[in-house]
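Enquirer:
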Amino acid sequence: MFVLLGVVLLVNGQAEAWSYKEHVQLTRIAVARLLASPDTDPDLKKFLSSTTPTLSLADERQFMIEAHVGIEPQREDLLGLLWWVLVPDLEAGRRDGPAVEPFGVHERLLHYIDLELLNAPGKPLEYHDDLSGLPDRSLIPRDLSDDRLKRAGFLPFAVEHSSRQLIRSIREHRIEPDLAVPGDEHALRWAGYLIHYVQDNTQPHHATIDYKSVSYFGHRPDAPNVHSEVEWRGVDDPTQPLPDLRARLFDQTQAWLALADTFPRVSEDAFEATLDVAYASYRYLPMIGRAAQKSLIEEGGKPAIDTRKFFEHRENVDGMPMDLLTLKARQQAWAILRTEAVLRAAWAAAKAGD
Ligand SMILES: [Zn+2]
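Taking the working numbering, the leading residue of the sequence shown gets 169, the next gets one more, and so forth.
(1) Decide if the region 322-334 is in contact with the region 290-302; the criterion is three or more beta carbon pairs, one per stretch, under 8 Å apart.
(2) Quick check on the DSSP output: what are the complete beta strand (DSSP E) runs of length 3 or more inside the region 356-426, in order along the chain?
(3) With 16 other CB atoms within 10 Å as the buried threshold, where does residue 449 fall?
(4) Kindly list the residues whose CB is nearer than 7 Å to the CB of residue 413, restricted to its own chain and excluding five residues on each side of it in sequence; keep chain order.
(5) My output table needs one value for residue 429: the three-state DSSP class, helix, strand or coil.
(6) Given a cut-off of 9 Å on the beta-carbon distance, is the pair residue 436 and residue 513 in contact?
(7) Could you give the distance in angstroms between the alpha-carbon of residue 240 and the alpha-carbon of residue 289?
(8) For ligand 1, I want to know if residue 395 counts as a neighbour, meaning its beta carbon is within less than 8 Å of at least one of the ligand's heavy atoms.
(9) Using a threshold of 8 Å, is the CB atom of residue 279 nearer than that to any non-hydrogen atom of ligand 1?
(10) Tell me whether residue 473 sits in a helix, a strand or coil according to DSSP, three-state version.
(11) Can you tell me where the beta strand (DSSP E) with residue 467 in it begins and where it stops?
(12) Of the residues 204, 470, 283 and 248, which one's Cα is nearest the Cα of residue 305?
(13) Excluding five sequence neighbours on each side, which residues of the same chain lie with their C-beta closer than 7 Å to the C-beta of residue 428?
(14) Less than 8 Å between the CB of residue 256 and some heavy atom of ligand 1, yes or no?
(15) Out of 469, 452 and 511, which has the shortest C-alpha to C-alpha gap to residue 487?
(16) Would you mind reading off the limits of the beta strand (DSSP E) that contains residue 491?
(17) Where do the N-terminal and C-terminal ends of the beta strand (DSSP E) with residue 482 fall, by residue?
(18) Could you give the uninterrupted runs of the alpha helix (DSSP H) lying entirely in the region 227-302, keeping only those of 4 residues or more?
(19) What is the rounded straight-line gap between the Cα of residue 358 and the Cα of residue 489?
(20) Indicate, with yes or no, if ligand 1 has a heavy atom lying under 8 Å from the CB of residue 368.
(21) Grab the span of the alpha helix (DSSP H) containing residue 446 for me, first residue to last.
(22) Return the CA-CA distance between residue 193 and residue 365, expressed in angstroms with no decimal places.
(23) Quick check on the DSSP output: the alpha helix (DSSP H) that includes residue 218 runs from which residue to which?
(24) Are the CB atoms of residue 249 and residue 219 nearer to each other than 9 Å?
(25) Shortest alpha-carbon distance to residue 517 belongs to which of 281, 331 and 225?
(26) Would you say the beta carbon of residue 274 is closer than 8 Å to some non-hydrogen atom of ligand 1?
(27) Between residue 251 and residue 317, what straight-line distance do the alpha-carbon atoms span, to the nearest angstrom?
(28) Are residue 237 and residue 404 touching if we call contact CB-CB under 9 Å?
(29) With hydrogens ignored, establish whether the beta-carbon of residue 364 is closer than 8 Å to any heavy atom of ligand 1.
(30) To the nearest angstrom, how far is it from the Cα of residue 461 to the Cα of residue 498?
(31) Measure the alpha-carbon distance for residue 259 versus residue 278 and round it to whole angstroms.
(32) Judging by CA-CA distance, which residue of 187, 190 and 212 is the nearest neighbour of residue 509?
(33) Assuming contact is defined by CB atoms lying nearer than 9 Å, are residue 201 and residue 425 in contact in what I supplied?
Shown next, in the form of structure tokens:
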């Protein structure tokens, strides 16, 4: 069975986030790390071990190199939590999807925050390579009634909301779907949504109006889709297997996980933490844009990106020379660490009763 729960993928879901393949793997690795950690809450461990099959690190590496997940995820491979982590993108891909409460907008709007659109009146509402389009942090509204959010997106609100719903579900002992109870109000669902959103948060394109880096190609309508280059082309495109690149991405991600202390500290507040990650990730957009410019090729008469060349582009990042693949690995390691942190925080808050 390819399509479940009446959810039909109508448009290219890959444009919405890290690829399905990556969301699945980032989640599974985070779960395995939480299960292996002696200071993970026993109830969280129980939840994870009963809802999420994990793989050994060696099998995860093979999965990254060989597996193809595509845009029609199959339930037999995606039990429990792994399925729910993908549902937000399946919903985002429904052309006539319902308005999601309490936001009153399509699910699609919940996966990003285009920071430039929240700039002060008179300031440019666009991305600039010198980052001058980035508004001062104090200008970001924490107010759902601000109309600009209907264009800019609701990601920090979505993280906060799914986190609250998760905490509530844990407290009320609604852990897994109960067929006797209508609706999908349970910890499995809300943990999946929360994980999805915090993982999208580390993709720099999810913080900008220029989410395909088209400004680096003079905004030409046929500019290559740099967004999908950052996400799935290198890891899940069956027309270009790139096994060595995938192996290196996996190994680099593991290397970054060992350097967890080097990542920026983020707020304990779910909304503020999401902005912390968005602002920190935004700084990498110029490198992504320049990498795309340098790897421009023609494919079937249309501009395209040489994926290998794209990821080999090198610059100084935070004083360290690194290529774009290493930077992507860093952002994926951050997604894993954030996944662990928000799950830990939810179970702790549920117990604290605050
Ligand atoms: Zn998404």
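For each residue, glycine too, the CB sits at the ideal point set by N, CA and C. All figures in this text were calculated on a predicted structure; none of them were measured in a lab.
Expert: In short:
(1) These segments do not touch.
(2) The region 356-426 contains no whole beta strand (DSSP E) run of 3 or more residues.
(3) Sequence index remark: in the sequence shown, residue 449 carries index 281 (1-based). Here residue 449 is buried: its Cβ has 16 or more other Cβ atoms, across all protein chains shown, within 10 Å.
(4) Taking the first residue of the sequence shown as 1, we reach residue 413 at position 245. So the list reads 402, 476, 479 and 493, once near-sequence residues are dropped.
(5) Within the sequence shown, the letter at position 261 stands for residue 429. DSSP places residue 429 in helix when its eight states are reduced to three.
(6) Translated into the one-based positions of the sequence shown, residue 436 becomes position 268. Translated into the one-based positions of the sequence shown, residue 513 becomes position 345. With a cutoff of 9 Å on beta-carbon distance, residue 436 and residue 513 are scored as near each other.
(7) Taking the sequence shown and counting its residues from 1, the one referred to as residue 240 is at position 72. Taking the sequence shown and counting its residues from 1, the one referred to as residue 289 is at position 121. Within the model, the alpha-carbon separation for residue 240 versus residue 289 is close to 42 Å.
(8) Counted from its first residue, the sequence shown places residue 395 at position 227. Outside the cutoff, so no.
(9) Numbered from 1 along the sequence shown, position 111 holds the residue referred to as residue 279. Yes; taking the cut-off as 8 Å, the Cβ of residue 279 has a heavy atom of ligand 1 nearer than that.
(10) Locating residue 473 in the sequence shown gives position 305, where the first residue counts as 1. Three-state DSSP puts residue 473 in a strand.
(11) Position 299 of the sequence shown holds residue 467. Unbroken beta strand (DSSP E) run through residue 467: 464-467.
(12) The sequence position of residue 305 within the sequence shown is 137, counting from 1. Restricting attention to 204, 470, 283 and 248, the CA atom closest to the CA of residue 305 is found in 283.
(13) In the sequence shown, the residue the question calls residue 428 occupies position 260. Result list for residue 428: 505, in chain order.
(14) Walking along the sequence shown from the start, residue 256 turns up at place 88. Within the cutoff, so yes.
(15) By one-based count along the sequence shown, residue 487 stands at place 319. Comparing Cα positions, the closest option is 452.
(16) For the purposes of this step, residue 491 is identified with residue 323 of the sequence shown, where counting begins at 1. Its beta strand (DSSP E) spans residues 488-491.
(17) Here residue 482 corresponds to residue number 314 of the sequence shown, with the count starting at 1. Looking at the DSSP string, the run of the beta strand (DSSP E) that includes residue 482 is 482-485.
(18) Within the region 227-302, the complete alpha helix (DSSP H) segments of 4 residues or longer fall at 249-260, listed in chain order.
(19) By one-based count along the sequence shown, residue 358 stands at place 190. By one-based count along the sequence shown, residue 489 stands at place 321. Rounded to the nearest angstrom, the two C-alpha atoms are 39 Å apart.
(20) In the sequence shown, residue 368 corresponds to position 200, counting from 1. Yes, Cβ of residue 368 sits closer than 8 Å to a heavy atom of ligand 1.
(21) Taking the sequence shown and counting its residues from 1, the one referred to as residue 446 is at position 278. Residue 446 -> alpha helix (DSSP H) spans 438-450.
(22) Within the sequence shown, residue 193 is the residue found at index 25, counting from 1. Within the sequence shown, residue 365 is the residue found at index 197, counting from 1. Distance between the alpha carbons of residue 193 and residue 365: 15 Å.
(23) The sequence position of residue 218 within the sequence shown is 50, counting from 1. Under the DSSP assignment, residue 218 falls in the alpha helix (DSSP H) whose first and last residues are 210-219.
(24) The sequence position of residue 249 within the sequence shown is 81, counting from 1. The sequence position of residue 219 within the sequence shown is 51, counting from 1. Going by C-beta atoms, residue 249 is nearer than 9 Å to residue 219.
(25) Translated into the one-based positions of the sequence shown, residue 517 becomes position 349. Of 281, 331 and 225, the residue nearest in Cα terms is 331.
(26) Against the sequence shown, residue 274 aligns to sequence position 106. The answer is no for residue 274.
(27) Position 83 of the sequence shown, counting from 1, holds the residue named residue 251. Position 149 of the sequence shown, counting from 1, holds the residue named residue 317. Inter-residue distance for residue 251 and residue 317 is about 28 Å (C-alpha atoms, whole angstroms).
(28) In the sequence shown, the residue the question calls residue 237 occupies position 69. In the sequence shown, the residue the question calls residue 404 occupies position 236. In contact: residue 237 and residue 404 (Cβ atoms closer than 9 Å).
(29) Here residue 364 refers to the residue found at position 196 when the sequence shown is read from its first residue. It does: the Cβ of residue 364 is within 8 Å (strictly closer) of some heavy atom of ligand 1.
(30) Translated into the one-based positions of the sequence shown, residue 461 becomes position 293. Translated into the one-based positions of the sequence shown, residue 498 becomes position 330. So the two alpha carbons sit approximately 22 Å from each other.
(31) The residue labelled residue 259 in the question sits at position 91 within the sequence shown. The residue labelled residue 278 in the question sits at position 110 within the sequence shown. Taking the Cα positions, residue 259 is about 11 Å away from residue 278.
(32) The count along the sequence shown starts at 1 and reaches residue 509 at position 341. Looking at the Cα atoms, 212 is the closest of the given residues.
(33) For the purposes of this step, residue 201 is identified with residue 33 of the sequence shown, where counting begins at 1. For the purposes of this step, residue 425 is identified with residue 257 of the sequence shown, where counting begins at 1. With contacts defined by Cβ atoms closer than 9 Å, residue 201 and residue 425 form a contacting pair.
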